[in-house]
Amino acid sequence: YVFSMKDSKFAYKCEVRSVLENSSRPTSTLWVNLMAKGGQ
180 YVFSMKDSKF
190 AYKCEVRSVL
200 ENSSRPTSTL
210 WVNLMAKGGQ
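Just add 179 to wherever you are in the sequence shown, counting from 1, and you've got my numbering.
Here you go:
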């Protein structure tokens with residue numbers, strides 16, 4: 180999923196989830212933040 184962020188130093192936030200089939204291990208989540216122009 181990709182989310183557009185308003186009034187934030189990040190322009191977009193991306194969420195990637197993965198899970199192993201037939202496993203009791205919880206879902207793994209990766210977040211990627213894309214900086215907005217002029218963001219510090």
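Every residue, glycine too, gets a C-beta built ideally from N, C-alpha and C.
Residue range Ser207 to Met214 is occupied by the beta strand (DSSP E) that includes Met214. DSSP places Val181 inside the beta strand (DSSP E), whose first and last residues are Val181 to Ser183.
The three-state secondary structure of Glu194, taken from DSSP, is strand.
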